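**Student:**
Okay, structure coming up:
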């Protein structure tokens with residue numbers, strides 16, 4: 014059986030992750046890395062929308078499965094788990110490791126504070 018690709022590229026649309034990410038940024042995504050709180054991830058919402066968001070915490074989905082609460086760094090832009098609820102574990106596609114364009118840099122984990 015063939016293993017799925019480990020790495021892939023994603024492109025940012027919108028300003029929901031500003032100031033960390035901007036529209037047009039190209040990202041290197043690790044599809045085999047498990048998410049942890051503070052990681053930036055590529056995910057698919059239940060309606061099929063693809064998004065780049067930050068993991069806030071692990072949560073149970075409406076169906077009782079394992080899921081993740083995903084948030085925007087810029088909460089005034091975009092849609093996240095505050096609007097759509099937890100994202101199922103299998104719909105968190107991978108962890109963003111590096112912004113490769115336009116200014117290459119590694120993304121740091123930022124753990125959100127409970128509150």
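Numbering (the working numbering), first residue to last: 14 to 128. All C-beta atoms, glycine included, are put in the ideal place defined by N, C-alpha and C. Being a predicted model, the structure only gives us computed values, none of them experimental.
#1: Using DSSP bridges, identify the partner residues of residue 43.
#2: Threshold first: 3 residues or longer. Then list the beta strand (DSSP E) segments lying entirely within the stretch 31-80, N to C.
#3: To which residues of the same chain is residue 45 closer than 7 Å at the C-beta, ignoring the five residues directly before and after it?
#4: Excluding the 5 residues preceding and the 5 following residue 55 in the sequence, name in chain order all residues of the same chain whose CB lies nearer than 6 Å to its CB.
#5: Using 8 Å as the threshold, is the stretch 111-122 in touch with the stretch 86-94, meaning 3 or more CB pairs across them?
#6: Is the beta carbon of residue 122 sitting closer than 7 Å to the one on residue 21?
#7: Could you name the residues of the same chain whose beta carbon sits closer than 6 Å to that of residue 53, not counting the 5 residues immediately before and after it, in chain order?
#8: Measure the CB-CB distance between residue 80 and residue 101 and report whether it falls below 7 Å.
#9: From the DSSP output, in three-state form, read off residue 133 for me.
#10: Would the beta-carbon of residue 72 fall within 7 Å of that of residue 82?
#11: Using alpha carbons as the reference points, say which of 17, 33 and 69 lies closest to residue 99.
#12: Compute the distance between the beta-carbons of residue 57 and residue 104, then report whether it is under 7 Å.
**Tutor:** If we stick to the structure as given:
#1: Translated into positions along the chain shown, residue 43 becomes position 30. Residue 43 pairs with 20 and 108.
#2: Secondary structure within the stretch 31-80: the beta strand (DSSP E) runs of 3 or more consecutive residues, fully enclosed, are 39-43, 53-57 and 63-73 (chain order).
#3: As a working note, residue 45 is residue 32 in the chain shown. Once the five neighbours on either side are set aside, the close Cβ partners of residue 45 are 19.
#4: In the chain shown, counting from the first residue as 1, residue 55 sits at position 42. 23, 42, 65, 106 and 107.
#5: no
#6: Looking up residue 122 in the chain shown gives position 109. Looking up residue 21 in the chain shown gives position 8. It is not a contact, given that the beta carbons lie outside the stated cut-off.
#7: Here residue 53 refers to the residue found at position 40 of the chain shown. Cβ neighbours of residue 53 beyond the five flanking positions: 67, 109 and 120.
#8: As a working note, residue 80 is residue 67 in the chain shown. As a working note, residue 101 is residue 88 in the chain shown. In this structure, residue 101 lies closer than 7 Å to residue 80 by Cβ.
#9: The question about residue 133 has no answer, for the chain in this structure spans 14 to 128.
#10: On the chain shown, position 59 is the one that residue 72 refers to. On the chain shown, position 69 is the one that residue 82 refers to. Their beta carbons are under 7 Å apart, which means residue 72 touches residue 82 by this criterion.
#11: As a position in the chain shown, residue 99 is number 86, starting the count at 1. Nearest neighbour of residue 99 by Cα position, chosen from 17, 33 and 69, turns out to be 69.
#12: Locating residue 57 in the chain shown gives position 44, where the first residue counts as 1. Locating residue 104 in the chain shown gives position 91, where the first residue counts as 1. Going by C-beta atoms, residue 57 is nearer than 7 Å to residue 104.
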